[in-house]
Amino acid sequence: MRVMSAGEGYRYLLKSVVTGDGNRDLTDALTRYYQEKGSPPGFWAGSALTGLEGSTITADAEVTEEQLRFLIGEGRHPVTGEPLGSPYRSFLTRQERIDRRTQALPDTLEEAEREQQLELIETEERQRPTRHPVAGYDYTFSVPKSVSVWWAVADGGTQALIARAHHQAMAQVLDLLERDVVMTRVGHNGLAQVEVTGVLATAFDHYDSRSNEPQLHTHLVIANRVQGVHDGKWRAIDGRPMHAAVVALSEHYNNALADQLTRDFGIGWEARDRGPRRASAWEITGIPDTLIEEFSSRSQAINARTDELIADYEQQHGRRPSRKTIIRLRAQATLATRPYKQVYALAELTERWRVRATSVLGQDASNWVQQAISSTTPQPLLRADDIPLETIDDIAQRVVTTVGESRSTWKRWNLHSEASRLLKGIRFASITDREAVTGLISDRAEAASVQLSPPELAVSPTHFQRSDGSSTFRIKHGTLYTSQQMLDAEDLLLRLAHTHIAPLVPHDLLEGVTRRTDRKGRRLGADQAAAITVIATSARTVDVLIGPAGTGKTTTLASLRRAWELAHGKNSVVGLASSADAAQVLAADLGIRTENTVKWLHEHDAGRWRLRRGQLMIVDEASLSGTIALSRLAAHAEQAGAKLVLVGDWAQLGAVEAGGALGMLARDLDHTPELHDVRRFRNPWEKHASLRLRLGEPSVIDDYDAHDRLTAGSYEHITERAYLAWQSDMRSGKQSILVAETLETVTTLNIRARTDRIFTGHTSAGASITLSSGTKASEGDLVITRKNDRRLSTGGPRWVRNGDRWRITNIHADGSVTVRRAGTRFGGAIRLPADYATHNLDLGYAITVHRAQGATVDTAHAIVHSPQMTRESLYVAMTRGREANHAYVAIDQFPLEEHQKHPEPDVTARGVLAGVLAHESAEKSAHELLRAEHEHWTSIAQLAGEYDTIVAHAQHDHWLDILEASPLTTDQVDAITESDAYGALAAELRRAEAENYDIARLVPALIASRHLAGADDLAAVILQRLRAATANATGSTQARQPAKMIAGLIYEFTSDTDPLTQQALEERRVLIEQRAQALAEQAVRDRPRWIESLGTPPVRPAAHDQWMRNLRTITAYRDRHGTTDPYRPLGDPPRNRNQSMDAVRAQQAVANAARFAAALGVRTAPAQQQSGPRL
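Numbering-wise (full-length UniProt numbering), the sequence shown opens with residue 1 and increments by one.
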């Protein structure tokens, strides 16, 4: 799924569409346009079509360009052009923001100061991404590869039936999406998530991929306009569930399609292995992998592009290019990964595909595939009640176990996705049966999980309940879960991190090591010595060592090992790492026995390996280890009387398994051993820059740019620049790595590197093998092994490990390969069996970020081609090189389709990198998220928002009566209540009435005071007049009867209403007061710096109560507005009018509290002087 921005992007959906006659029949939509170049016209879908007033659009009707422009381009009614709710928000471009801020600079500034301010403005605005209004959500439904191949070579009638099944499955997913996913938001800050009537969607079918391979798929574009069930108003979609449900919807589509094709054709399905790093794929029984690979291999596209380049060369030079030139042309074709898509008629494409398939099969493809399909044994079609409840419970438990292996917490859609995966092998008689079973398994899985989100703390009025009875103040399917196993594992780690029974190192031995100098006269840094001291003397059973990239973790650990062995004897230190190759590196660096964590636990479970009393176990790169595994190690360490030290950096890449333990412990401990001095980099500026990069500070981008470390351009341009820079470094004798964020880019660069080596004679152009990625390798190529195999030994304790790098020395006739360890000239050779070489070897010139973690080289060249890259990935990629680290940033929004791109004229490397730094992926522990959930749902920000939303609804009829009694027409009253400014007007009316203004008299008088003719927004005009008339009320010291306030900030609703609404408001009022009191008491206990401006709490009861009352108002303000400033009670200046009104009251509370303390003779500094440093 991709988010579409408003603008002209919709045009690209129509770019390859053929011109139709307006009568589109889905039963023959694809074959109707068989001879026409391009794709069939788009068609309408979605239940909300019936809510379009004055429209004759029906489902399956053809989409016109004008309709698409109105709806997607402008957010309007697709027929009448009338606005559907509020118009799209407009955002200033980067240059417009710079110009506006520049014009606002005072004329009194000196020239030097003005230049400084201009530079600051430009820097800040370059780092801010430009926002774009969301026009829609583009879901791409693509059939499995075997289905595309079958469809590609089948006869026309079969093609139409396959396409119909695809559309039916897509419609079934759309139905689920409308029922359980699509919502809109209303109320204060959109806190209430309410149901909608359905969606407005357009669908566009496509036959092929960008490289013209068969790929039957449909772009379903859902407009960002939905109609609320409760009031019929058009609003934007709540985007949160749209993202959260993507994987579940994808799995549901695959199953629905398989069911439909089985019902239509009686085919069978089977799981096929796609390699050790990829999930199994379910394909049609009888469609062979050789045929699928013919239309899937990336080399097919490269071959086609190479042929085109050769033809161009022949036309230009009048002769065929030489062998070396052909190799160079192939390298050029390799980098052209997304060529301009050629548009063909389906007839032409089908003919090409059939010829190729016939060549692979050795017989007519259409006849062969028909026979193959008809000869398969169909699977039985089950009804929901065919599956026993015991089986449902068993599958639900497997769902929880499987999900818990890969994440520490989860939500409903995670469980739904896994339930769908476990049901892939079962065919159902109808979509109703499948949804019933999948839903029941998800229900049971939720029941088997441990809920982290607190239950609803207060009742909600009927108006704020969904059709299923749930509160609209809670996100549907947004409840957060974990497992008891995960909580127990984290509890154990936390307990042992505070248990002081582990062995120690005496101070005299420790000092001898920490003060020791090496042969070059170097000593440990102060941070390294301090970290060792804490670990060796803390007696904590579980300890941590946090070390950002390049801070010298290995040197620190080597000294810790020496100290520990002096105290506890030789071989008293054991090492573990997340992978076999990392374990080998750690063993060589520290001179200790080291294994990978999974292997050690396996041997421990078999009773062969265990710790003994006094031993120290070091787990390196512990952020890559799962929490359950670490807890098992910790439990054994406690039992054995040993110590466990987790080493790594929570800001780097996390575990594939459920993780977050290292960060949890680092944040929980009072004195966390941490290294601070970055030692890796040759350039002093890069030491400091790397730490700022680790924390995600956008301003650090300018530092890298100022030192020429950033290269921007199109994807093809930056991959070329990165490759050439890496190649130059390698040829000059430097250790260098070429790092990419996706396997596709890694494969592209590996093919390019191999091709160049063939051209220069470093790699043989002779016999080759096909690797798991579909690439070739021959003698002289650098390769990486991807699977541990202790049976393949190179002599002594060394064996073939996942991640080892090798040079191919011979390709044998049976497909086996002789390789030698990279960097060695003699020894270390082994013959890898053909099966291992085919499935577990990859070219090793370019590597992924995960493979780069832990490496230290001279230079690193990192390719960044989307904001989907995470901060952790960028940090790892940009901290590997001692001499230099370069980022090559694509600014052409690769790999998005044209209609998915933002209409951003000034995309820059800074903007892309700022987006990357804002994208954190580090997993949090279940304990931390438990606290975060309770903090969120019990916060005054949440409770006050709910209170205000309920009050706004309760008072709606009251305000409507007042408006109708004013000199306004019915149409004017309707315009006011429909206005975007009505919410602010209602809030202002509430404030004024609470301040004891006679609203029933004031509002008509304000409306009658001046004419309203010509006003664009009546609600905004009345709001302005009301604010002007009551400007002196809030925060004033007039003798007006004070309003009743909750926690000193929120106007209390005192009018009559229905009992359930009254109960809902009263329960929230109590919760807000309790929260403010608890925060105030905590502030008194903890004495944060900001409380100093309030003075010491008075002793006398009456004065103390007054002081605490004002403190409650201040803590309520901080909690409501997210103020975390450690020095100033109210933090930064208010961001909006509502916060400004609260700030007036809170500032008065600060002054009042200080006055009560001063009255007792306690010296206090004025609040405005308590600013402290800005952090």
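The C-beta atom is built at its ideal place from N, Cα and C for all residues, glycine as well. Here the structure is a predicted model, which means the values were calculated and not measured.
Which residues bound the beta strand (DSSP E) around residue i?
{"i": "LYS776", "result": "776-778"}
{"i": "GLN193", "result": "192-195"}
{"i": "ALA640", "result": "Premise fails: ALA640 lies in the alpha helix (DSSP H), 627-640, not in any beta strand (DSSP E)."}
{"i": "ALA345", "result": "Premise fails: ALA345 is in no beta strand (DSSP E) and is neither H nor E."}
{"i": "TYR1127", "result": "Element bounds for TYR1127: n/a, residue is neither H nor E."}
{"i": "THR184", "result": "183-186"}
{"i": "THR770", "result": "768-770"}
{"i": "ASP393", "result": "Premise fails: ASP393 lies in the alpha helix (DSSP H), 389-406, not in any beta strand (DSSP E)."}
{"i": "GLN260", "result": "Careful: GLN260 lies outside any beta strand (DSSP E), inside the alpha helix (DSSP H) at 246-265."}
Identify the residues that DSSP records as bridge partners of residue i: which are they?
{"i": "HIS861", "result": "LEU738, HIS886"}
{"i": "MET4", "result": "GLY136"}
{"i": "ASP842", "result": "ILE784"}
{"i": "ALA271", "result": "TRP282"}
{"i": "HIS1114", "result": "Sequence check: residue 1114 is Ile here, not His. Answer is none; ILE1114 lacks a bridge partner."}
Could you give the first and the last residue of the continuous alpha helix (DSSP H) run that contains residue i?
{"i": "VAL973", "result": "970-978"}
{"i": "ASP527", "result": "526-537"}
{"i": "residue 1191", "result": "No answer is possible for residue 1191: the residues shown for the chain start at 1 and end at 1175."}
{"i": "ALA563", "result": "553-568"}
{"i": "ILE940", "result": "940-954"}
{"i": "GLU657", "result": "Run containing GLU657: none; DSSP gives neither H nor E here."}
Quick one: what does DSSP say residue i is sitting in, helix, strand or coil?
{"i": "GLY713", "result": "strand"}
{"i": "SER1093", "result": "helix"}
{"i": "ALA1158", "result": "helix"}
{"i": "GLY761", "result": "coil"}
{"i": "PHE204", "result": "strand"}
{"i": "THR499", "result": "coil"}
{"i": "VAL700", "result": "helix"}
{"i": "TRP609", "result": "coil"}
{"i": "LEU62", "result": "It should be pointed out that residue 62 corresponds to Glu in this sequence rather than to Leu. GLU62 falls in the strand class under three-state DSSP."}
{"i": "TYR836", "result": "helix"}
{"i": "SER209", "result": "coil"}
{"i": "ASN23", "result": "Note that ASN23 has pLDDT 45, beneath the 50 cutoff, so the model's placement of it is unreliable and no number is given."}
{"i": "PRO1101", "result": "helix"}
{"i": "LEU13", "result": "helix"}
{"i": "PHE141", "result": "strand"}
{"i": "LEU1051", "result": "The residue you asked about is not Leu; residue 1051 is Tyr in the sequence shown. Here TYR1051 sits in strand by DSSP."}
{"i": "PHE428", "result": "strand"}
{"i": "ALA987", "result": "helix"}
Thinking just about the alpha-carbon of each residue, which of the options is nearest to the one in residue i?
{"i": "ALA740", "options": "LEU749, SER732, THR809", "result": "LEU749"}
{"i": "ALA975", "options": "ASP1016, SER1009, LEU52, ASP789", "result": "ASP1016"}
{"i": "ALA954", "options": "ILE891, SER1055, SER873", "result": "SER1055"}
{"i": "LYS1044", "options": "ALA1031, GLN1063, ARG1069", "result": "ARG1069"}
{"i": "ALA529", "options": "THR763, THR551, THR541", "result": "THR551"}
{"i": "LEU509", "options": "ALA526, LEU494, GLU565", "result": "GLU565"}
{"i": "ALA502", "options": "ALA635, ALA1103, ASP1142, LYS553", "result": "ALA635"}
{"i": "GLN1063", "options": "LEU457, GLY136, LEU493, VAL647", "result": "LEU457"}
{"i": "ALA245", "options": "ARG352, TYR137, PRO321", "result": "TYR137"}
{"i": "ASP581", "options": "ALA201, TRP234, ALA855, LEU84", "result": "ALA855"}
Answer yes or no: do residue i and residue j have a C-beta to C-beta separation smaller than 7 Å?
{"i": "ALA281", "j": "VAL153", "result": "no"}
{"i": "TRP600", "j": "SER623", "result": "no"}
{"i": "ILE546", "j": "ALA666", "result": "yes"}
{"i": "ARG1089", "j": "TYR1127", "result": "yes"}
{"i": "SER296", "j": "HIS217", "result": "no"}
{"i": "HIS762", "j": "GLY733", "result": "no"}
{"i": "LEU415", "j": "SER442", "result": "yes"}
{"i": "ILE592", "j": "VAL619", "result": "no"}
{"i": "MET869", "j": "VAL907", "result": "no"}
{"i": "GLY46", "j": "LEU249", "result": "no"}
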